[in-house]
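Structure first, commentary second.
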Amino acid sequence: MEARSIFRNISPLDHRYALSEQELFDALEPWISEEAVIASCVRAEIALITAHLTLRGRLSPELKGALQEAAAAVSSAEVYAEEAKTRHNIRALVQVLKRKVPPETAALVHLGATSADILDTALAYRMQGLTRKIILPRLRDLELRLCDLVEQEAASPQVGRTHGQHAVPITLGFALAEYVSRLGKSIGEIERRRRDLKGKLAGAVGAYNAAALITPDPQALERLYLQDLGLEPSEHSTQLVEPEYLLRLLLEFNVAFGIIANLADDLRNLQRSEIGELRETFAADQVGSSTMPQKRNPWNAEHVKSLWKAFMPRVMTFFMDQISEHQRDLTNSASQRFIADYVYGFSLAVSRMTQIIQGLKPDRERLQYNLQGSGGGIPGGIMAEPAYILLAETGVSDAHEVIRRITLKAEQEQCSFAEALFREGPVFERIRGKLEELGRAASPEEARSFFENPQNYCGLAVQQAKALARKYRMLAARTEPAETP
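Mind the numbering: the sequence shown is residues 546 to 1030 in this note's numbering, read in order.
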């Protein structure tokens, strides 16, 4: 076939991203390229011949080797040229393969199979392989790097935020541990869904009509066929494998994609000029703006979010491919081919997020500045919650209202919350007494220091961050079973 410049390709996946992520492209190509689609179908057809020969007691090492050589000799160009005549992709592949295999096995090519026995099984084989060898290792790598960062920043104080407003103090490690936990659970679910992918050799309507003419135990033939590909039979088949096996895997990909996009949003917002708590790596020769030389844009995080926007809606197509009328229609024949694009886009987002986490730098001065800043327009206002809780613990039923009024005074008098609270002698004394009872402050000065230093009020943030990092590091580092193909 005629070669063409990569820049003449239509999809940006095949030029812009293939060039910038060459290693990822090379890793995915054996699983989701058109060549991979044809090769996996050839692999399935050879597995079927092997199953027939095994049942008939005719499979020798020499014949098995010859079949492997025949499979390697099939080219995508040949199959496409044949399809131009047959107008049928699988029949074209069968015709080409019959010319390659040993003559005594040619009659066994595609024997007892319908197109979907090959296509659905080959798709499951490829999706299982790319999930195990590409998707899961890269997700685990991202998870482990997140665990590293969480442990590193477990005790780094940070202002909490809800509704875009300052809330109570947390730590940076605790904030990032959210994504360790969410992504870790999604990784486990992807692993389960990968293992649940199924294939079939049940014929044109799933009732083993053809196979029953070949062998008294058609399901034994099916098991042999699928065992060679590392798969199990679909519990029930029409002409198609039950679509939910693949659908659930793709949906869990999308769950992980959404978690990564959510993380990208948080990282992007924490890099805003007015927040400035984090910074992506910015190379010496890198340019942030074509006109503003000072710019350091969070473009990597924005890129991840943009990929999610492009590919997340594909889930609608995955759901629509769930439906096929009667035993099979062909309304998924085009749409299912674009699973490859989705997998590529998802993989790009994982790769880019891994690069971000690897080079992410916290600005500790800015973290402290924001922590000490205005909560609700009041310096140190984020400490109103512990004042209310401590006051209520002394038996004051309207403690919330008492503290709310003190925050209003701080705002009116343009002073810090700690200063306004200290001026309320009886209220402050009750709170100080409670702090002393808890072993948190033994003097008025120590009590005041508690409210002037929000990092003293981080709850279990440090412990939680470290515990989650330990848990998901252990889960992410688990070795894959050696017997899995």
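Glycine included, C-beta positions come from ideal geometry on N, C-alpha and C.
- Under the three-state reduction of DSSP, Ile-555 is assigned to coil, being neither helix nor strand.
- Look at Gln-703 here: in three-state DSSP terms it is strand.
- Boundaries around His-711 are those of the beta strand (DSSP E), 710–716, since no alpha helix (DSSP H) includes it.
- Listed as beta-bridge partners of Val-786 by DSSP are Ser-782.
- If only uninterrupted alpha helix (DSSP H) runs of at least 4 residues are considered, those enclosed by the stretch 731–780 are 756–759 and 763–772.
- With a contact defined as Cβ atoms closer than 8 Å, Thr-676 and Lys-745 miss out at about 19 Å.
- Contact between the stretch 1009–1019 and the stretch 696–705 is present: 3 or more CB-CB pairs across the two stretches fall below 8 Å.
- With a 10 Å radius around the Cβ and a threshold of 16 neighbouring Cβ atoms, Gln-816 comes out buried.
- Cβ-Cβ separation between Ile-715 and Cys-1003: approximately 6 Å, consistent with a contact (criterion under 8 Å).
- When the Cα atoms are used, Asp-559 and Ile-551 turn out to be separated by approximately 7 Å.
- When the five nearest sequence neighbours on each side are left out, the beta carbons in the same chain lying within less than 7 Å of the beta carbon of Gly-705 are those of Ala-712, Val-713, Pro-714 and Ile-715, in order along the chain.
- Taking 8 Å as the cut-off, the Cβ atoms of Glu-797 and Ser-731 count as close.
- DSSP places Pro-931 in the uninterrupted alpha helix (DSSP H) bounded by 929–938.
- Three or more pairs of CB atoms, one per stretch, sit closer than 8 Å, so the stretch 577–589 contacts the stretch 638–646.
- DSSP places Asp-686 in the uninterrupted alpha helix (DSSP H) bounded by 681–697.
- Note on Asn-915: 16 or more other CB atoms within 10 angstroms of its CB, so buried under the neighbour-count rule.
- Just so you know, the alpha carbons of Lys-609 and Glu-780 end up roughly 29 Å apart.
- Scanning its chain for C-beta atoms nearer than 7 Å, with the 5 sequence neighbours on each side dropped, one finds around Ala-1006 the residues Ile-715, Thr-716 and Phe-719, in chain order.
- Inclusion of Ala-661 and Arg-873 in the CB contact set at 8 Å is warranted, their separation being smaller than that value.
- Between Thr-650 and Pro-606, the alpha-carbon positions lie close to 14 Å from each other.
- In this structure, DSSP gives Pro-924 an extended state, which the three-state scheme calls strand.
- Boundaries cannot be given for Gly-821, as no alpha helix (DSSP H) includes it and DSSP labels it neither H nor E.
- Spanning the alpha carbons of Leu-600 and Val-582 requires a straight line of approximately 27 Å.
- Secondary structure at Pro-907: strand, using DSSP grouped into helix, strand and coil.
- With fewer than three CB-CB distances shorter than 8 Å, the stretch 763–772 does not count as touching the stretch 847–854.
- Apart from the 5 residues on each side of it in sequence, Phe-891 sits with its Cβ closer than 6 Å to the Cβ of Phe-798 and Phe-802 in its chain, given in chain order.
- The alpha-carbon separation between Gly-918 and Pro-924 amounts to approximately 5 Å.
- In chain order, Pro-788 and Leu-792 place their CB closer than 6 Å to the CB of Gln-867, counting only its own chain and leaving out the 5 sequence neighbours on each side.
- Listed in chain order, the beta strand (DSSP E) runs fully inside the stretch 563–615 amount to none, counting runs of at least 3 residues.
- Arg-690 places its beta carbon 8 Å or farther from that of Ile-555.
- The straight-line gap separating the alpha-carbon atoms of Leu-823 and Ile-680 is approximately 27 Å.
- Contact annotation: the stretch 893–911 does not touch the stretch 935–952, with fewer than three C-beta pairs closer than 8 Å.
- Comparing alpha-carbon positions, the option among Glu-734, Ala-749 and Gly-657 lying closest to Asp-762 turns out to be Gly-657.
- The continuous alpha helix (DSSP H) containing Gln-640 extends over residues 634–645.
- Scanning its chain for C-beta atoms nearer than 8 Å, with the 5 sequence neighbours on each side dropped, one finds around Phe-883 the residues Arg-859 and Thr-862, in chain order.
- DSSP places Ile-868 in the coil class of the three-state scheme, outside both helix and strand.
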